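Residue numbers (the numbering used here): 3 to 979.
From the three backbone atoms N, C-alpha and C, an ideal C-beta is built for every residue, glycine too.
None of these values were measured; they are calculated from a predicted model.
Data block below; observations after.
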């Protein structure tokens, strides 16, 4: 503890006169520790040499900002889950998330592990620093400082990262409330609770069953939002990356059993899983479609992490779970899986990647790696975390996807830096003690996110560009370092294809930089894919200036898709068109056609990949958008810029949609789009539609036409209402009009469980429609209410009313005109419609009544005790921890041509629904510069290196020729139609 106390305030002691009043402390003072002597019978038989000692610090990727659930939503929690993930009852309101018991316990475990390493038989010391950095992130950062030989330091780091629960996360699964709860009795089903408890203990996770949540419902026309209750409940799983995925799969399988499905398991080697699934999981979706089954694969990176919670069980990485309606369907799915395996031809390629880069990918970039593997249908076999191995194996069913995967992997981490700060021997250096060095490295590491190593001769910093530069800025201010010529050295990793780009013709760019900033630059190619740029200088300021100039010459790129049939016309005869564009904007443009991607009629040609790459030095990155716009102006509207839209569909209904794959294929061909379903084990509602931005809304609209939906409107039962509903006119005339005019079907149900506040019976009207016609529901309800009013029937709505949007009239503004000719407008009420306040109050009352029934005494005493003794102060009332699903169907109610008229900038003087030209209406802006409407911002697809704002557009998202930046073309160039 004395050494830990000496770690503080080291920066105040780092002055030129530091240590003058105290005896010198040699650098090998660490080796004077009694435990560094030879241990009888131990593996170390001689003391370690002084020059072999290094000091190494790194940040532990604890998820200290992961908050627990809101206690108001908790219906059931597994053993001690509430104790770990909520604050004590007497905790202050401003208590930090990292002070949750689970995060405190993980930090205590880490300190004990480091203490055991320090007092063990091996000559290694490990210390833990826990600080809140000054870089504005606000979350707690935990840093470990190790001292010893390089071999022992690396081994200790591997042990630490594999024996603590790093990268913890929360996984949410939506579930129908009727599956887990008897809503009429207000109690949870005992088998469900017992299963959740078993999964929690078996997988080593904490599980919460959360009640239905309130989600905001935004009106597409006015932007007004109301709160509505989500009919589904949630299962929240907290744990490390592998344990949470294991528990998630078992919860999903249990939900399938509750739905009456059969469960079985088959085994396939892990490295073949992605190859069996195929690109974008096409093969597995075909099997699920033809057999009516759901197939759950294990995580792709099960063998890279070795941590397992105490008394927990890890999932066998070769196990594939299958659920189906019958054992025969499961057997058929097994047969098709193994037939696919037998047809696989394996292509393998081994590549060498620096160990630090592998660890960075495994800790921070796995989501990106997963997308690469799904897009190419390949598998990457990484070495275990922090093992210092550098060999990575890539496997696939064809050589081209393997090669593409390797290239994307090698460029994945971006500009991966390694910096060395070489120093001379000096008397001042010898005044630093081990505790001072650890404190210095620990604080630099915590504030920069870089790994630091410090030995007798140099500093070594590794990490991303920002992390390394931040660490070097701090190190440059230290006063105890004496530099020799060419002592500062920074390495930047880049792809080899950027080498005919950074150096210039005959190394002209590099020679100019070396002359301007007094640095030395060397290109070092260390493999067939990447090379290093070494920047060396005699002073930090020279190195910083040279590094900045090198970064300005590094490539900034943007990629997008243009159909192959347009490439020749865009390039022009002898390349004259594209050469003119490239010279005009100083941007290099490269096209790749189907042959370049592997030949015509190959499977990846069905996937619209980015086949146009625009590249320019970073200092000229602002011209990338202009080049893209000019190229896209030469493409027909039907094949315009590719974009992506997400449609939210209940994940359980995905199985019925996948069974209709032939219809979906026809839909894709009709609109030249691609519809991608999420993986079964992902349990996501989001279906992604990719294609031309003019076609995607129509494709989404027709796709949602395959998805049924319903809405329940509960009204008070009266004799007049019953007579009206049972009349012949209602059955023959009114129901038919609702079907033909609004495409909505209405049926009448008697639900004895639904009562009014006075306890009187009700009548439930069930409105059936497809998701693309959801916009007609409110009009259909209004039409029915008008018919009821005409028949003098009073229908009091109990639940399910839909508020109207805010009126377009001007009566709200009349209060500002003091005129006897105008009647004074009434004061504006808080609600936009007469039913809005009652609607929101009813929603809140409905939600509270459900949870109150579950928590009433005698029925859920365990839940009551949970809520009485704990609270979670980390949750705010305005921000729910769980992210509500967005209602995508609103975007499909009208076509893209009318989106601007209704949503963007509706003219209050125009009641026709179609906007006048900007210069025709009374509020037309009169700016000096050209007016550009930025309300319909379309995000740019593709892999964009520089961060730009979205392109402003008129009404389609694709700029017209009148908005182009002096393209020189009289009009679009495209195939004749």
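The alpha carbon of residue 419 has as its nearest neighbour, out of 438, 560, 495, the alpha carbon of 495.
The way I'd put it, the segment 280-292 does touch the segment 374-392; three or more beta-carbon pairs between them come closer than 8 Å.
When the Cα atoms are used, residue 505 and residue 472 turn out to be separated by approximately 26 Å.
Following the DSSP letters along the chain, one finds residue 536 inside the beta strand (DSSP E) bounded by residues 532-539.
Residue 386 places its beta carbon less than 9 Å from that of residue 160.
For the pair residue 211 and residue 77, the CB atoms are nearer than the 9 Å cut-off.
A Cβ-Cβ contact shorter than 9 Å links residue 348 with residue 399. Within 10 angstroms of the beta-carbon of residue 70 lie 16 or more other beta-carbons, which makes it buried. Contact check for residue 111 against residue 68 fails: the beta carbons are separated by 9 Å or more. Taken through DSSP and simplified to helix, strand or coil, residue 798 comes out as coil. Look at residue 546 here: in three-state DSSP terms it is helix. Bounds of the beta strand (DSSP E) holding residue 79 are 76-79. Residue pairing by DSSP places residue 647 opposite 691 in a beta bridge. The alpha carbon of residue 358 has as its nearest neighbour, out of 527, 392, 117, 615, the alpha carbon of 392. As for any beta strand (DSSP E) of minimum length 3 sitting wholly inside the segment 460-509, the runs are 460-466, 490-497, ordered along the chain. Counting only residues of its own chain and dropping the five nearest sequence neighbours on each side, residue 243 has a CB closer than 7 Å to the CB of 169, 171, 307. Beta-bridge partners of residue 591 (DSSP): 616. Distance from the CA atom of residue 491 to the CA atom of residue 360, rounded to whole angstroms, is 22 Å. The beta carbon of residue 131 sits closer than 6 Å to the beta carbons of 145, 444 from its chain, once the five residues preceding and following it are set aside; these are given in chain order. When the Cα atoms are used, residue 180 and residue 727 turn out to be separated by approximately 29 Å. Boundaries for residue 458: no beta strand (DSSP E) harbours it, and the DSSP string shows neither H nor E there. Within the same chain, Cβ atoms closer than 6 Å to the Cβ of residue 100 are found at 66, 142, the five residues on either side in sequence being excluded. In terms of Cα proximity to residue 234, the closest of 652, 645, 797, 702 is 652.
Residue environment analysis places residue 773 among the buried positions, since at least 16 neighbouring C-beta atoms fall within 10 angstroms of its C-beta.
Note on geometry: alpha-carbon atoms of residue 755 and residue 787 lie some 24 Å from one another.
With respect to the 9 Å criterion, residue 213 and residue 264 are not classified as neighbours on the basis of their beta carbons. Judged by DSSP in its simplified three-state form, residue 205 adopts helix. The three-state reading of DSSP puts residue 567 in helix, counting H, G and I together. Here the alpha carbons of residue 356 and residue 635 stand approximately 43 Å from one another. Counting C-beta pairs with one atom in each stretch, the segment 455-471 and the segment 56-63 have three or more that are closer than 8 Å, which means they touch.
Per DSSP, the beta-bridge partners of residue 562 are 614. Excluding the 5 residues flanking it on each side, residue 273 has same chain C-beta neighbours closer than 7 Å at 381, 383, 397, in chain order. For residue 168, the three-state secondary structure derived from DSSP is coil.
Assigned with DSSP and collapsed to three states, residue 710 falls in strand. Ranked by how close their Cα comes to the Cα of residue 540, the residues 552, 527, 519, 582 have 519 in first place. The C-alpha of residue 275 lies about 14 Å from the C-alpha of residue 682.
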